Amino acid sequence: MKIDILAVGIHPDDVELSASGTLLRQANLGYSFGLLDLSLGELGSRGSAELRTLEAQAAADILGAAFREQLDLPDGFFAHSPENMLKIVRVIRQYQPHIVLCNAPDDRHPDHGRAAKLVVDACFYSGLIKIETRDTEGKVQAPWRPKSVFHYIQDKQLTPDFIVDITPYFDKKMQAILAFGSQFYDPNNPDDGPRTPISGKEFLDFMEAKARVFGRPAQVQFAEGFIGTRTPAVGNLFFGVKLGGGGDWGGGGGGGGAPLPSLIEKPKKSAPPPPPPPGDLGCLKIFAFHSGYSKYFRRIPLKNSRSSSQVARISDSKLPSSICLRSKLVPANRSK
Ligand SMILES: [Zn+2]
C-alpha cells in the first residue's frame, strides 16, 4: 500500500494532539495518510500500553487513517541507534509517503526532540540504495526518500514556518484526542488515575487556546503550526491567501481546501514525447576512401536507429585493407 502522508509520533496521541486537524483536511482533499507510533507510551502515568493501544486504534478510526502501526521502541529510553532507524526506514519504504510529519524538534517532553531527529534522519537514509532492508516476506525493499518532512509543533510554543487552517475539523480533532480516555480529562470520570500535566480540563482548554493562537495571524479560528526541515517553496503567490469570506484558500487548495505548498501537490504526469514521424527516416551514405580520394559506395535507407550496426556490417565485408569507410547521415527531407 502506498500513502501520501505518514504521520509519526513517539507516543500514541502525539499526532492527534498536534497534527490531526491537518490530516483531516488533507483527507478531505483526497490525500491518504497512515499513522506510526514509535512506542506504546508505556511510561505514561495513566493507563497502560494495552489500553493506550486500544485508544490509539479508536482515534485512528475517528480520523479515517489508512493504518496505524506501532514499533514498540522503549518509551523514554529509546536511542538514536542504527537498529531503531532501520525499523523506521522499513516502514517508510513499505508505504512510500511523499510527506512525513514528525514530533517537534524541541519540546517539554525530552522524547519528542529525540524522536524528531530519529525520524528526520531515517527519512534521509531511507533514500540510500546501499542501505538494505527487507519487508516482512523477506524481499529487499526499494529505497524511498519522502519529498518533505515537517515537524508538528507540540507543547512548547515554537514559531511555525507555516500554519494549516483546521477550523472545519477542530471538533473532530478533539473527538480523536478524547478517544485517549486514559490520558485526558473525562467529565464523567474526572478523578480517574494520578493527575498529570495533561489530565485536567485546563489542558483541553490549552489545546483550544493554542489552536486559536496559531490561527490568529492568518485570521482563521483554529490552526496547527509546522516547522519545515528546509525552506518551504510555493508554486503560486496566492498560496496562503484567503480569498473573500467564504473560507476558500488561494493557491490551489480548491473547494475550501488547505493552502497547499507546491511541494505537496500530487506530481502531474508529463505528456509523453511525440512519436517519430512515419515513413522515411533519412539515409546513411557510405563513402569508401582509397588512395587519397573518396568514392560514393552505398546508400542505406534508415528504418530505425541501428544505423551504426549497419555500417559495421559493411565494414566487416571483404574489402581490401587499403580502403576505409566513412558514413554520412542524410536527413529524410534531403535523402531522395
Ligand atoms: Zn508525546
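First residue of the sequence shown: 1284, per this note's numbering; consecutive thereafter. The C-beta atom is built at its ideal place from N, Cα and C for all residues, glycine as well. On a predicted model such as this, the values are computed, not experimentally measured, just so you know.
Residue i beta carbon near ligand 1 (any heavy atom closer than 7 Å)
i       : result
His1392 : yes
His1294 : yes
His1395 : yes
Asp1297 : yes
beta-carbon residue i near ligand 2 non-hydrogen atom, thresh 7 Å
i       : result
Ile1414 : For the structure depicted, ligand 2 is absent and the ligand set comprises only ligand 1.
Which of helix, strand or coil DSSP assigns to residue i
i       : result
Val1291 : strand
Ile1621 : The requested residue 1621 is not part of the displayed model; the chain covers only 1284 to 1619.
Val1298 : helix
His1363 : coil
Lys1619 : Caution is warranted here: a pLDDT of 46 is assigned to Lys1619, below 50, making its placement in the model unreliable, and no coordinate value can be reported.
Ser1465 : coil
Ala1387 : coil
Gln1424 : coil
Thr1305 : helix
Gly1537 : With a pLDDT of 40 at Gly1537, under the threshold of 50, the predicted position of this residue should be treated as unreliable, and no value is reported.
Leu1318 : strand
Leu1526 : strand
Lys1568 : strand
Gly1611 : The question names Gly, but residue 1611 in the sequence shown is Lys. In the structure shown, Lys1611 sits in a strand (DSSP, three-state: E or B).
Arg1478 : coil
Arg1376 : helix
Check whether residue i and residue j have beta carbons under 8 Å apart
i       : j       : result
Leu1441 : Val1291 : no
Leu1337 : Leu1307 : no
Phe1463 : Arg1335 : yes
Leu1411 : Pro1393 : no
His1294 : Gly1324 : yes
Glu1439 : Ala1398 : In the sequence under discussion, the amino acid at residue 1439 is Lys, which differs from the Glu named in the question. Going by C-beta atoms, Lys1439 is not nearer than 8 Å to Ala1398.
Asp1436 : Pro1443 : Reading off the sequence, residue 1436 comes out as Ile, not Asp. Yes, the Cβ-Cβ distance between Ile1436 and Pro1443 is below 8 Å.
Ile1481 : Phe1433 : no
Ala1459 : Glu1299 : yes
Lys1285 : Gln1424 : no
Lys1484 : Gly1304 : no
Ala1339 : Ile1375 : no
Leu1356 : Ser1322 : yes
Asn1367 : Leu1326 : no
Asp1296 : Gln1466 : yes
Limits of the alpha helix (DSSP H) - the one that residue i falls within
i       : result
Ile1460 : 1453-1461
Asp1448 : Here Asp1448 belongs to no alpha helix (DSSP H); instead the beta strand (DSSP E) covers 1445-1448.
Lys1400 : 1393-1408
Asp1344 : 1332-1346
Gly1498 : 1484-1498
Segment limits, beta strand (DSSP E) that includes residue i
i       : result
Tyr1314 : Note, Tyr1314: premise wrong, no beta strand (DSSP E); not H, not E.
Arg1351 : 1351-1353
Ile1510 : 1506-1511
Phe1433 : 1431-1435
Three CB pairs or more closer than 8 Å across the region 1340-1352 and the region 1314-1324: yes
Touch test, the region 1492-1505 against the region 1448-1455, Cβ-Cβ under 8 Å, three pairs minimum: yes
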